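Numbering-wise (this note's numbering), the sequence shown opens with residue 6 and increments by one.
Step one of this worksheet: look at the structure below.
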Amino acid sequence: MYTSNNIVDEIRESFRKGSALTKLIYINLGVFLAVKIIFVIYFLLTPDLPINKSDYFESIYLGYLMVPSDFILLLHRPWTLVTYMFLHFRFLHILFNILVLFWFGRIFLHYLNPKQLLTTYIIGGLAGAILYLVFYNVFPGLGDGQVLGASAAVMAIVISISFYIPNNEVYIPIVGNVRLKYIAIVYVVLDIIMIGSDDNAGGHIAHLGGAFYGYLFAMQLRQGKDIGKGFSRIFDSIAGLFSRKPKMKVSYKSNARGMNDLDYNKAKLESQKEIDKILDKIAQSGYDSLTKKEKETLFKMSNKS
Numbered sequence: 006m007y008t009s010n011n012i013v014d015e016i017r018e019s020f021r022k023g024s025a026l027t028k029l030i031y032i033n034l035g036v037f038l039a040v041k042i043i044f045v046i047y048f049l050l051t052p053d054l055p056i057n058k059s060d061y062f063e064s065i066y067l068g069y070l071m072v073p074s075d076f077i078l079l080l081h082r083p084w085t086l087v088t089y090m091f092l093h094f095r096f097l098h099i100l101f102n103i104l105v106l107f108w109f110g111r112i113f114l115h116y117l118n119p120k121q122l123l124t125t126y127i128i129g130g131l132a133g134a135i136l137y138l139v140f141y142n143v144f145p146g147l148g149d150g151q152v153l154g155a156s157a158a159v160m161a162i163v164i165s166i167s168f169y170i171p172n173n174e175v176y177i178p179i180v181g182n183v184r185l186k187y188i189a190i191v192y193v194v195l196d197i198i199m200i201g202s203d204d205n206a207g208g209h210i211a212h213l214g215g216a217f218y219g220y221l222f223a224m225q226l227r228q229g230k231d232i233g234k235g236f237s238r239i240f241d242s243i244a245g246l247f248s249r250k251p252k253m254k255v256s257y258k259s260n261a262r263g264m265n266d267l268d269y270n271k272a273k274l275e276s277q278k279e280i281d282k283i284l285d286k287i288a289q290s291g292y293d294s295l296t297k298k299e300k301e302t303l304f305k306m307s308n309k310s
């Protein structure tokens, strides 16, 4: 019999072994489902309101997770700079973001590595929030607002890979083969036009912030410079605080080469360092990220234990 525990374990294992792209998709979906479940409870327990319950819930309660346009309010809710980029309330909003993240994320990982995908997502989201704040505090015509959604972070991934390999083509039904750079340009132009044509001006401005970082990242990377590398080290340090580094015991049956104790201990220490380095790489990027030589080293050392 297939129980709920089996499903939960399967999802947990899929998340643990999944790529950075899989983890980002799972986190966005998980937050969306949690928010929707909380809203259902709120909807059932709250008496009728003079305004739509959905709008009220989104603006008031989700406001604690959305980036506000007011700098003073932001100082009291600094976490929103991160939480907003994983937060969705409307189904079509998350559906579109997840589909675009999946499509372009797979292309991204074909040419670049998981760490670069993660840093591009996070920094792109931060860039979107910053541009949103600047516009809303410079241009009076925008008024006040709040912004949520992964769109700016996803936009950073779309633009970065599109300008890193600008002439690569993808097939679009009815249209045919289209170069990535043209898809990226269309995305940007649409966001610029839509700023003044609907009630989501803040969202489109945030998209442009993500796009700006994505373009900057791609142009620098094509010159051999990864501008997100420093942030990647910060993420690794933070992740290290919450994870336990696996250890593999390496033992030696005998000193077959006749080394003295000093040389023997030195060789043993070097072997342990090599194993730790490989295990760290597995923890960060998965087993598939290992080179053939690293896999052979891991296999040999495992057989010695």
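Here a beta-carbon is modelled for each residue, glycine too, at the ideal position from N, C-alpha and C.
Because the structure is a prediction, the values reported are computed rather than measured.
Secondary structure note for Asn142: its alpha helix (DSSP H) is the uninterrupted segment 119–143.
In the three-state DSSP reduction, Gly233 falls in the coil class, being neither helix nor strand.
In this structure Ile164 touches Ala189 by the C-beta definition: roughly 5 Å separates them, less than 8 Å. Around the C-beta of Phe96, fewer than 16 other C-beta atoms lie within 10 Å, and the residue is accordingly described as exposed.
Separation of Ile197 and Ile280 (C-alpha to C-alpha, rounded to the nearest whole angstrom) is 50 Å. Excluding residues up to 5 positions away in sequence, Met90, Ala157, Ala158 lie with their Cβ nearer than 6 Å to the Cβ of Gly130 in the same chain.
Closest option to Leu79, judged by alpha-carbon separation, among Ile210, Val152, Ile166, Val143: Val152. The beta carbon of Asp149 lies closer than 6 Å to those of Ser74 in the same chain, with the five residues before and after it left out. Classified as buried, Leu213 has 16 or more neighbouring CB atoms from the shown chains inside 10 Å of its CB.
Taking the C-beta atoms as reference points, Ala206 is found no nearer than 8 Å to Leu114.
According to the DSSP assignment, Gly181 belongs to the beta strand (DSSP E) that extends over 181–184.
The three-state reading of DSSP puts Ile200 in coil, since its state is none of H, G, I, E or B. Under DSSP, Glu63 takes part in no beta bridge, so it has no partner. Straight through space, the alpha carbons of Asp204 and Glu63 are spaced by roughly 15 Å.
Burial state of His81 is exposed, judged by a 10 Å Cβ sphere holding fewer than 16 other Cβ atoms.
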